[in-house]
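J.: Taken in order, the sequence shown gives residues 2 to 268; the numbers are from our numbering. The structure under discussion is supplied below as structure tokens; questions concerning it will follow.
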Amino acid sequence: MRVLLGGVAFVLAAVLVVLVAALWARVAPRERDVAWVAGAGIVPDDEAEVVRRYLARHRRLRMAGGLVGVVATTVAAFRYQGSVSFTALLFGGIAGVLVGTLFAESYRLGPRGGAAAVASLEPRDPAPLPGVVWTARGLLAAATLGAVALSLWVRDTATVLLAVAGLLVAGLAEATRARIVGRRRPVLSFRARELDARIRAFAGRSVANLQLAAALLVVTGVVASVPAPGPVPTALRWLVWLVGLVLAWVYTHRAAPRPPSSWRQPT
2 MRVLLGGVAF
12 VLAAVLVVLV
22 AALWARVAPR
32 ERDVAWVAGA
42 GIVPDDEAEV
52 VRRYLARHRR
62 LRMAGGLVGV
72 VATTVAAFRY
82 QGSVSFTALL
92 FGGIAGVLVG
102 TLFAESYRLG
112 PRGGAAAVAS
122 LEPRDPAPLP
132 GVVWTARGLL
142 AAATLGAVAL
152 SLWVRDTATV
162 LLAVAGLLVA
172 GLAEATRARI
182 VGRRRPVLSF
192 RARELDARIR
202 AFAGRSVANL
212 QLAAALLVVT
222 GVVASVPAPG
232 PVPTALRWLV
242 WLVGLVLAWV
252 YTHRAAPRPP
262 SSWRQPT
């Protein structure tokens, strides 16, 4: 067993090195990425530099968090279950990305020339995508109730542990979104405030999509654990699992710190 775990650890380390090398090459933001966040076809050099630093910081920390989450999930799954599922890997990766996002949000625009920062009294924009957030909350609440009922039915606490993990990830997402909205805003030029608002909007959308993806994965995990006495219930169970997994992947992709393929740079 020790030899097997040692071999698994070696393979994981090798895969991690390859992933880091492949993903690190994509960290540097392109001109299109900068224009997407800035909301302009031509971005002044000073603004472009701010956006580049922000995106690079987000990508590095999100990538590091996601990889750590995947590796930690894999090691824990092999240690306690002897195998690991794709759903568990995706869930661990999303949790890690959320941790990286929380660290990345320590960034803020600051005053130029060493001037003292003065708190802005302007009203703050609400967090974006409230519908997505409430959908995630509703799905997670339903999944948690289902997990508790399932544990009482089949006497298995695995789904309850999954729901608890989902609640922890949701709490992290809520804390990250609150940090994004409530982060101090120094008094800057109009354009700098506008850029800061766009950066916050991007980060808020990203976290909302990640929160929904995590909730969908909890739902799929609970549904997959429901006993299905017969071919039709079994087929329905796996259909729900597959749809949930695909949707979770879609929302994870939407949370990426780069523009969607349909976005066209203004001219």
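Every residue, glycine too, gets a C-beta built ideally from N, C-alpha and C. On a predicted model such as this, the values are computed, not experimentally measured, just so you know.
Candidates Ala77, Trp242, Pro131: which alpha carbon is nearest leucine 213's?
T.: When Ala77, Trp242, Pro131 are compared, the shortest CA-CA separation from leucine 213 is found for Pro131.
J.: Compare the beta carbon distance of alanine 171 and valine 208 with 8 Å and say whether it is the shorter of the two.
T.: no
J.: Closest to tryptophan 37 by C-alpha separation, out of Val220, Tyr252, Ala249, Ala202, would be which residue?
T.: Ala202
J.: Which residues in the same chain have their Cβ closer than 7 Å to the Cβ of alanine 116, if we skip the five residues on either side of it in sequence?
T.: Only weak support exists for where alanine 116 lies, its pLDDT of 48 falling under 50; the value from the coordinates is given anyway. Here the set comprises nothing.
J.: Give me the residue from Pro234, Val35, His59, Thr235 with the minimum Cα distance to threonine 102.
T.: His59
J.: According to DSSP, is threonine 253 part of a helix, a strand, or is it coil?
T.: Assigned with DSSP and collapsed to three states, threonine 253 falls in helix.
J.: Spatial neighbours of proline 267 within its chain, please: CB distance less than 6 Å, with the 5 preceding and 5 following residues excluded, ordered by chain position.
T.: Gly42
J.: Could you tell me the boundaries of the alpha helix (DSSP H) in which aspartate 46 lies?
T.: 46 to 81 is the extent of the alpha helix (DSSP H) around aspartate 46.
J.: Compute the beta-carbon to beta-carbon distance between valine 273 and threonine 160, rounded to the nearest angstrom, for a pair I have assumed lies under 8 Å.
T.: Outside the shown range of the chain (2 to 268) lies residue 273, about which nothing can therefore be said.
J.: Could you check what DSSP says for proline 258 in three-state terms: helix, strand or coil?
T.: When DSSP states are grouped into helix, strand and coil, proline 258 belongs to the coil group.
J.: Specify the secondary structure class of arginine 113 as computed by DSSP and reduced to three states.
T.: Here the model assigns arginine 113 a pLDDT of 47, short of 50, so the residue's position is not dependable and the matter cannot be decided.
J.: Where leucine 162 and valine 251 are concerned, what is the direct C-alpha to C-alpha distance, given to the nearest angstrom?
T.: 25 Å
J.: Please return the same chain residues whose Cβ sits closer than 8 Å to the Cβ of glycine 114, not counting the five positions on each side in sequence.
T.: The predicted model places glycine 114 with a pLDDT of 48, which falls under 50 and marks its position as unreliable; any figure quoted below should be read in that light. Contacts found: none.
J.: Should leucine 151 and serine 86 be called a contact, given that it needs their Cβ atoms to be closer than 8 Å?
T.: no
J.: Is glutamate 50 near alanine 39, with beta carbons less than 8 Å apart?
T.: Taking 8 Å as the Cβ cut-off, glutamate 50 and alanine 39 do not qualify as a contacting pair.
J.: Ordered along the chain, which non-local residues of its own chain (more than five positions away) have a Cβ less than 7 Å from that of threonine 158?
T.: Ser152
J.: Taking just the CA atoms, how far does valine 98 sit from valine 72?
T.: In this structure, the CA atom of valine 72 is about 13 Å from the CA atom of valine 98.
J.: Can you tell me whether DSSP reads leucine 130 as helix, strand or coil?
T.: coil
J.: For the alpha helix (DSSP H) containing isoleucine 200, list its first residue and its last residue.
T.: 191 to 225
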